[in-house]
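Before any comments, here is the structure.
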Amino acid sequence: MVQPISRREFLKLSGYGMAGILFGKRVRVLENSPFPEGERLGRAFAKVELKAKPDINSATVGVLYDDAVVVWLREVVGSNPYRYRQRFVETPQGYVWASELQPCQNRPHPPVEKLPETSQGPGMWVEVSVPWVDVRLERGPFSPGFKYRVENQFPIRMYYSQILWVDQVQKDEQGQVWYRINEKYGYGDVFWAHAEAFRPLTEQDVAPIDPEAEEKLVVINVEEKVQTLSCYEGKREVYYCRIAAGKKFDAKGNFLGHSSTPSGTMLIWRKLISTHMSGGTTGAGYDLPGIGWTVLFTGDGVAIHSTFWHNNFGGELMSHGCVNARPEDAQWVFRWTNPPVSYDPGELYSKDTNIPPTKIKVIEG
-16 MVQPISRREF LKLSGYGMAG ILFGKRVRVL ENSPFPEGER LGRAFAKVEL KAKPDINSAT
44 VGVLYDDAVV VWLREVVGSN PYRYRQRFVE TPQGYVWASE LQPCQNRPHP PVEKLPETSQ
104 GPGMWVEVSV PWVDVRLERG PFSPGFKYRV ENQFPIRMYY SQILWVDQVQ KDEQGQVWYR
164 INEKYGYGDV FWAHAEAFRP LTEQDVAPID PEAEEKLVVI NVEEKVQTLS CYEGKREVYY
224 CRIAAGKKFD AKGNFLGHSS TPSGTMLIWR KLISTHMSGG TTGAGYDLPG IGWTVLFTGD
284 GVAIHSTFWH NNFGGELMSH GCVNARPEDA QWVFRWTNPP VSYDPGELYS KDTNIPPTKI
344 KVIEG
């Protein structure tokens, strides 16, 4: 039986990652991989209990800590009173409420030793293709989140499905290939990471879907017990997925107007393959790098985008106003909506093209 990563093992692994950050030693983070073998895996977002049955009130048979990775056998219907989603993940060690695990895979990729030329010099977009990878900070920290992790001696990690920009490749004395990564549209932090942890994105990954289709419309229903996104071509629905919209109330029942997803019909004004999002105050804010497939539709930053920090879609309000979507759903919406965005440079303002932007209609109920 594959055992989950224990608290002690997790801290040991974190220590190795931090040693590389603090002392400049390029540790081989993927050698002797801490991830179990399995076609589908789950990463714990935070401390979570393993249950004997798919019932939150059943006996606790173990504990997973932050970033622990387990084999994801299947999803089953269970019982978690007062929560909307009633699905649990069956693992070899027990059951976990599905919203507390990030679905992921461990798929290292052969390194690229020479970067393609782009309009901004050598570089390429990459997606994290392993549950997580420790990175070494070269310049910074500049973003609030990275500053916090360095000050508190936490490892800096990138997680499955995050998208970043590679602008340099180096091989160390052991023949290990490393990528220099940054966000391109972020605070300016620069890192080095093990190349095998990233899948290079291709032109096909960003190619437009049905670019000639007319009357494209995205309808987002932010009703708490609904929370869905539908794409229409005229009256025909061509895509459907569950999302997580902005919170309306805090834990004490206070109205959070600034966090609600705004209702109405709006136009897409900017799209980015990847960006950095942050906001709020210390202790109650957020700072999220490498957010993929970002489609902005309000001037104050509300967007449809990929999500790697929770897995709670369709039923509970989770965001600070944006429309959180699963990575595969966000990518489809990004490719389908207008205006289309090319791989190079990977972002576009709607005002800079003659193609009319797709309408986003946010409704409630």
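Using the numbering used here, read the sequence shown as starting at -16 and increasing by one per residue.
Glycine included, each C-beta is placed from N, C-alpha and C at the ideal position.
Take residue i and list the residues in its own chain whose beta-carbon comes closer than 7 Å to its own, dropping the five residues that flank it on each side.
| i | result |
| --- | --- |
| proline 191 | Arg318 and Pro323 |
| valine 54 | Val(-15), Pro19, Gly21, Leu24, Thr74 and Pro75 |
Using 7 Å as the limit for Cβ to Cβ distance, is residue i near chain D?
| i | result |
| --- | --- |
| proline 191 | No chain D is part of this structure, which consists of one protein chain only. |
Within the same chain, show all residues whose beta-carbon is closer than 8 Å to that of residue i, passing over the 5 residues directly before and after it, in chain order.
| i | result |
| --- | --- |
| aspartate 49 | Phe(-7), Ala27, Phe28, Ala29 and Lys30 |
| glycine 247 | Lys344 and Val345 |
| aspartate 172 | Leu120, Arg122, Gly123, Pro124, Phe125, Ser126, Phe129, Asn165, Glu166 and Pro272 |
| lysine 35 | Per the sequence shown, the amino acid found at residue 35 is alanine instead of lysine. Cβ neighbours of alanine 35 beyond the five flanking positions: Ser41, Ala42, Thr43, Val44, Gly77 and Tyr78. |
| methionine 107 | Val95, Leu98, Pro99, Thr101, Trp148, Val149, Pro183 and Leu184 |
| proline 93 | Glu179 |
| valine 46 | Arg(-10), Lys30, Val31, Glu32 and Leu33 |
| glutamate 198 | Tyr215, Glu216 and Gly217 |
Can you give the Cα-Cα distance for residue i and residue j, rounded to whole angstroms?
| i | j | result |
| --- | --- | --- |
| glutamine 153 | tryptophan 115 | 21 Å |
| aspartate 283 | asparagine 204 | 20 Å |
| asparagine 295 | alanine 313 | 15 Å |
| phenylalanine 280 | tyrosine 65 | 32 Å |
| leucine 342 | cysteine 214 | Correcting the residue type first, residue 342 is lysine in the shown sequence and not leucine. Answer to the nearest angstrom: the Cα atoms are 10 Å apart. |
| tyrosine 332 | aspartate 150 | 23 Å |
| serine 62 | threonine 211 | 23 Å |
| isoleucine 226 | glutamate 347 | 13 Å |
| glutamine 85 | proline 138 | 19 Å |
| glycine 217 | tryptophan 315 | 18 Å |
| proline 183 | valine 202 | 31 Å |
| alanine 81 | valine 72 | 5 Å |
| aspartate 349 | valine 60 | The first residue shown for the chain is -16 and the last is 348, placing residue 349 beyond what the model contains. |
| proline 194 | tryptophan 252 | 17 Å |
| glycine 21 | cysteine 87 | 10 Å |
| glycine 104 | glycine 329 | 14 Å |
| arginine 90 | tyrosine 168 | 26 Å |
| aspartate 335 | alanine 308 | 26 Å |
| glutamate 206 | isoleucine 287 | 16 Å |
Considering just the uninterrupted stretch of the beta strand (DSSP E) at residue i, what are its terminal residues?
| i | result |
| --- | --- |
| lysine 254 | 253 to 262 |
| glutamate 32 | 31 to 34 |
| lysine 334 | No beta strand (DSSP E) contains lysine 334, which DSSP labels as neither H nor E. |
| aspartate 270 | 269 to 279 |
| glutamate 186 | Note, glutamate 186: premise wrong, no beta strand (DSSP E); alpha helix (DSSP H) at 186 to 189. |
| arginine 68 | Where arginine 68 is concerned, there is no enclosing beta strand (DSSP E), given that its DSSP letter is neither H nor E. |
| proline 142 | Rather than proline, the amino acid found at residue 142 in this sequence is tyrosine. Note, tyrosine 142: beta strand (DSSP E), 140 to 142. |
| serine 289 | 286 to 289 |
| leucine 47 | 43 to 47 |
| proline 183 | 181 to 183 |
Mind checking who residue i pairs with in its DSSP beta bridge?
| i | result |
| --- | --- |
| proline 105 | Glu100 |
| tryptophan 175 | Arg119 and Arg163 |
| valine 219 | Rather than valine, the amino acid found at residue 219 in this sequence is arginine. Its beta-bridge partners are Glu216. |
| cysteine 87 | Leu24 |
| asparagine 204 | Thr211 and Ile346 |
| methionine 249 | Ile343 |
| glutamate 73 | Arg57 and Tyr78 |
| alanine 227 | Asn307 |
| serine 242 | According to DSSP, which records beta bridges pairwise, serine 242 is partnered with nothing at all. |
| tryptophan 148 | Trp108 and Asn165 |
Have a look at the options and flag the residue whose alpha-carbon is nearest the alpha-carbon of residue i.
| i | options | result |
| --- | --- | --- |
| tyrosine 222 | Thr320, Val173, His288 and Ala176 | Thr320 |
| lysine 208 | Val202, Arg219, Val189 and Ala228 | Ala228 |
| valine 52 | Gln157, Gly61, Pro75 and Asp38 | Pro75 |
| leucine 98 | Leu84, Ala178 and Val118 | Ala178 |
| serine 302 | Tyr269, Asn135 and Asp193 | Tyr269 |
| tryptophan 292 | Asn89, Ser112, Glu220 and Glu83 | Glu83 |
| glycine 262 | Leu56, Asp155 and Tyr170 | Tyr170 |
How would you write the range of the alpha helix (DSSP H) that residue i sits in, first residue to last?
| i | result |
| --- | --- |
| glutamine 157 | It is not in any alpha helix (DSSP H) - glutamine 157 carries neither H nor E in the DSSP assignment. |
| proline 127 | 127 to 134 |
| arginine 318 | 310 to 319 |
By Cβ distance, which residues of its chain are closer than 6 Å to residue i, with the 5 residues on each side in sequence left out?
| i | result |
| --- | --- |
| glycine 275 | Ile146, Ser257 and Ser289 |
| glycine 304 | Gly229, Ser242, Thr244 and Val285 |
| proline 37 | Val59, Gly61, Phe71 and Tyr78 |
| cysteine 224 | Leu212 and Asp312 |
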